[in-house]
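Undergrad: Have a look at this one.
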Amino acid sequence: MSAPVETVGTNEAPAPRRRFSVRLSAAQRGILIAVTIFAVMFAVYGWKQPVGLTANVINTASNKGALLALVAMAQTLPVLTGGLDLSVGAIFVLANCLASTIVVGDPVSTALGIVAVLFVGFLCGATNGIVIVYGRLQPLIVTLAMGAVYFGIALALRPQPGGSVNFELADFMTRSTFAIPHSAILLLLVVLIVWIPYRRSVPGRAAYAIGSSEQAAYMSGVPIDRAKVLAYALSGLLAAIGGLLLTAITYSGAAKLSIANDYTLNSIGAVVIGGTSLFGGMGSAIGSIFGAFVMRTVGDLLIVFDINPVLQPLFVGIVLLAAVCIGSLRVLRIKNKLDLYR
Amino acid sequence: MGPVDIILRQFDRATVIAFACIVVLLFIGALAEPAFLSPKYLVQQLHVASFLGVVATGVMLVILLGHIDLSIPWTIGVGGMMATGAAGILGPELGVPLAIPFGISCGAAIGFINGLGVAYLRAPAMIFTLGMNAVAQGLMVYHTGGFAPQDRATEFMRELAVGHLVPGVPNPLLIWLVLGAATMFMLNRTTLGRRIYAIGNQERAVFLSGVDTRRVVLICFVISGACAAAAGVLLAGWANRSYQAMGDPYLLPTIAAIILGGTNVLGGRGKYIGTVAGVILITILQSMLSVVQPQRYFVQLGLDMPADTFRQVVFGLVIIAMLLLYGRNQRVTA
């Protein structure tokens, strides 16, 4: 498969050749839009912010954004295959509760704890994938039900909020060096170590192919089953990294259903704002990162504009609706009405 | 064709298995707690189930179309809070009779916006209804935070939720029966019903045969919003007050009940009677987990775990297990 896979599934005519024009794929345009919205929002935030964009302000924003960004990246992988993961929030909370129990003590046991947390996340995701693929069930309901299971386990680990975490590690993960937040570096590392190699691997390309057309992918001999299981497993891994970061930020673990739901739902929003198609086959985890930062900056903007913070869900909802409405502007361009009905 | 035939024709494999699972659950429950088979307990379960049943009725229509409605939790909240709010703000003469219609029409309005977005803007239902859920949440939180509205249910709402118009049959169950019968009739006997199934299977074809498919989608979302709000009104009457997040525990059980009842998430296939079975099954499962309290056995083993753990874990595992029993998809082939 030599053609760029991102363009599969779009049916646009080639753009007229202009001078200095850069041909962007739909997914790249999505990322660009998300980056632009984020840049504008954050600039307004920095401008209205009384103390200006100090290293501390940037660090706090980055820490908050990185949490959702990791969960949103986790959501992206199943979505690319045309699926969905409603359990990312639960895995995130489970990783948080587990980390608050075992990522403690001397460096060796802390390191082992981190590995265990990531492995559990990977295992949760892989379980989702295996049930979906080999049980031949709908991702929506499987991840909904498995999410309940993971949350139940998290509750067993932490009936009451509490626990602790290795202080040096937590401090290191949430600090910034030369105004560069470590949480942003963590995101960059995740992109470099997990996302890009995955994107270039056979299962990664297969995920895009499955999302575009599972039938066609099957007939071209793409390893559908393995690619799907890996997509869900990596999704669990990424959500667990998010849970680990949450533990570092809060120094504790808490099994709250509202946190799990909040992150799951917002992750879907971030994925859409980041230009990933919910029908699969098109998009990128990079877009989701910026989508997540857009969602989180909405809350910050409310604070600097002195709007009652209880209105945050309202504004997040409006941003979400606006994002999908921008996405559906294509409806206006469609000449043959039949094209509306996929 | 007599009414019995119509009901019998409704049964398919999924429905039969779901009903069988209900019997098995009751049997297991009766082993631990003989009171499980008493009429009092069973009627009480149906009473609790009818709230979920009303919500599931609307959502099922949307799922039959191949869409989904994630705005359920806060539409329930809107229904309850707007009804009690109207009663308080408009005063006893005007507010009390208008409370229920007002609450339900607010839910219908949310459904209307959902329908516009999904049908006319072609936005993915999942994300659009999710956005509406957040917007409804924001508005309701503002509504309760900005000024002090009335949150007490009216006497009539209370009567609707806990009273018995027919002796032995709680009113919500009666409402669910009527709503369910109407929905069954609509799905099986009317053009709208046929179109809903047809759109779920192949929207293009239905559009080509001259049907305004967008209007059908819009109608279903309005019904879904209205049903959720109606359940909110009932729940407010049941608790005698409305409160934030009153709809939160309903999203997962609703979708699970519909899918366990044999409705395909991708649309086009599913029987209403299956949803009825799914709703009862979920309700009994939840009730059993709180009555039997499996954590007691683990305490004897030295493992102290919160009751919610079992409710969540067993709930999820049972849904997966039952889906594996009968909800499997076709394998992708050439």
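Protein chains in written order, with the numbering used here: chain C, -7 to 334; chain E, 276 to 609. All C-beta atoms, glycine included, are put in the ideal place defined by N, C-alpha and C.
Give the C-beta separation of G536 of chain E and T332 of chain E to the nearest angstrom, bearing in mind that I take them to be a contact with Cβ-Cβ under 8 Å.
TA: No, G536 of chain E and T332 of chain E are not in contact; Cβ-Cβ is about 11 Å, not under 8 Å.
Undergrad: Is the Cβ of G144 of chain C closer than 7 Å to any Cβ of chain E?
TA: Yes, G144 of chain C lies at the interface with chain E (some Cβ there is under 7 Å from its Cβ).
Undergrad: State the Cα-Cα distance for the pair A209 of chain C and L69 of chain C, rounded to the nearest angstrom.
TA: Cα-Cα distance, rounded: 17 Å.
Undergrad: Relative to the C-alpha of K220 of chain C, which candidate in C:T73, C:M33, C:V43 and C:F34 has its C-alpha closest?
TA: The shortest C-alpha separation from K220 of chain C is found at C:T73.
Undergrad: Between E:G341, E:L340 and E:S380, which has its C-alpha nearest A358 of chain E's C-alpha?
TA: Selected option, being the one with the closest Cα: E:S380.
Undergrad: Helix, strand or coil: how does DSSP classify S168 of chain C here?
TA: Three-state DSSP puts S168 of chain C in a strand.
Undergrad: List the residues of chain E whose Cβ lies closer than 8 Å to the Cβ of M138 of chain C, in chain order.
TA: Within chain E, the residues near M138 of chain C are G591 and I595.
Undergrad: Would a C-beta distance cut-off of 7 Å place L405 of chain E and C317 of chain C closer than the cut-off?
TA: No, they are not a contact pair.
Undergrad: Which residue wins for smallest C-alpha separation from I338 of chain E, given the options E:N515, E:S484 and E:I474?
TA: Selected option, being the one with the closest Cα: E:I474.
Undergrad: Compute the beta-carbon to beta-carbon distance between M287 of chain C and V311 of chain C, rounded to the nearest angstrom, for a pair I have assumed lies under 8 Å.
TA: Right, the Cβ-Cβ distance comes to about 7 Å (below 8 Å), so this counts as a contact.
Undergrad: Where do the ends of the alpha helix (DSSP H) carrying S54 of chain C lie?
TA: Element bounds for S54 of chain C: A47 to L72.
Undergrad: At the level of alpha carbons, what is the spacing between A47 of chain C and G266 of chain C?
TA: Between A47 of chain C and G266 of chain C, the C-alpha separation is close to 26 Å.
Undergrad: Give me the Cα-Cα distance between S499 of chain E and V330 of chain E, rounded to the nearest whole angstrom.
TA: Using only the alpha carbons, I get a separation of about 7 Å.
Undergrad: With a threshold of 7 Å between beta-carbons, can L45 of chain C be considered close to chain E, or not?
TA: It does not: the Cβ of L45 of chain C has no partner Cβ on chain E nearer than 7 Å.
Undergrad: Just to confirm my understanding: we take L449 of chain E, look at its own chain, exclude 5 residues before and 5 after, and list those with CB closer than 7 Å. What are they?
TA: Same-chain partners within the cutoff: L440 and V441.
Undergrad: Using the C-alpha atoms, what's the distance from H174 of chain C back to I185 of chain C?
TA: Using only the alpha carbons, I get a separation of about 16 Å.
Undergrad: Identify which residue in C:A277, C:A82, C:F307 and C:L78 has its Cα closest to the Cα of V182 of chain C.
TA: Taking only the C-alpha atoms, the option nearest V182 of chain C is C:A277.
Undergrad: What are the start and end residues of the alpha helix (DSSP H) that includes A514 of chain E?
TA: Run containing A514 of chain E: T488 to A514, per the alpha helix (DSSP H) assignment.
Undergrad: Assuming the contact rule is C-beta atoms closer than 8 Å, S259 of chain C and V80 of chain C should be a hit. Round their C-beta distance to whole Å, please.
TA: That pair is a contact at about 6 Å.
Undergrad: Tell me which same chain residues have a C-beta within less than 7 Å of the C-beta of K546 of chain E, skipping the five on either side of it?
TA: Once the five neighbours on either side are set aside, the close Cβ partners of K546 of chain E are Q285, D287, T290 and G537.
Undergrad: If you count every other CB in all the chains shown that lies within 10 Å of the CB of V593 of chain E, and 16 or more means buried, which is it?
TA: Buried is the call here.
Undergrad: I'd like to confirm the pairing. Which residues does DSSP put opposite R427 of chain E in its beta bridges?
TA: In the DSSP output, where bridge partners are listed per residue, R427 of chain E has E:R516.
Undergrad: May I ask you to verify whether the stretch 227 to 239 of chain C touches the stretch 101 to 116 of chain C, counting CB pairs closer than 8 Å and requiring at least 3?
TA: The stretch 227 to 239 of chain C vs the stretch 101 to 116 of chain C: in contact.
Undergrad: Return the CA-CA distance between I281 of chain C and P305 of chain C, expressed in angstroms with no decimal places.
TA: One C-alpha to the other measures close to 20 Å.
Undergrad: What residue from C:A87, C:F271, C:R21 and C:T239 has the CA that sits closest to M165 of chain C's CA?
TA: The shortest Cα separation from M165 of chain C among C:A87, C:F271, C:R21 and C:T239 belongs to C:T239.
Undergrad: With a threshold of 7 Å between beta-carbons, can P301 of chain C be considered close to chain E, or not?
TA: For P301 of chain C, the answer is no, since every Cβ of chain E falls outside 7 Å of its Cβ.
Undergrad: Following the continuous alpha helix (DSSP H) through Q319 of chain E, name the residue where it begins and the one where it ends.
TA: Where Q319 of chain E is concerned, the enclosing alpha helix (DSSP H) stretches over P314 to L339.
Undergrad: Using a 10 Å radius around the Cβ and a threshold of 16 neighbouring Cβ atoms, would you call T28 of chain C buried or exposed?
TA: Per the 10 Å Cβ criterion, exposed.
Undergrad: In whole angstroms, give me the CA-to-CA distance for A436 of chain E and N446 of chain E.
TA: For A436 of chain E and N446 of chain E, the distance between alpha carbons rounds to 6 Å.
Undergrad: Taking its Cβ as the centre, do 16 or more other Cβ atoms sit within 10 Å of W451 of chain E, making it buried, or is it exposed?
TA: Classification of W451 of chain E: buried, given that the 10 Å Cβ count is 16 or more.
Undergrad: Could you check whether the Cβ of I533 of chain E sits closer than 7 Å to any Cβ belonging to chain C?
TA: No - not a single Cβ of chain C is within 7 Å of the one on I533 of chain E.
Undergrad: How long is the line joining the alpha carbons of M461 of chain E and G468 of chain E, rounded to whole angstroms?
TA: Cα-Cα distance, rounded: 5 Å.
Undergrad: Could you tell me the alpha carbon to alpha carbon distance between L527 of chain E and G38 of chain C, rounded to whole angstroms?
TA: Near 39 Å, if we compare the C-alpha coordinates of G38 of chain C and L527 of chain E.
Undergrad: Would you say the stretch 300 to 315 of chain E touches the stretch 503 to 522 of chain E, given that touching needs at least three Cβ pairs under 8 Å?
TA: Counting Cβ pairs under 8 Å, fewer than three are found: no touch.
Undergrad: Which same chain residues, not among the five before or five after A66 of chain C, have their C-beta less than 6 Å away from its C-beta?
TA: V80, S227, L230 and A231.
Undergrad: Please confirm whether any heavy atom of the ligand COA lies closer than 6 Å to the CB of V393 of chain E.
TA: Among the ligands in the structure shown, none appear at all, so the ligand COA cannot be discussed.
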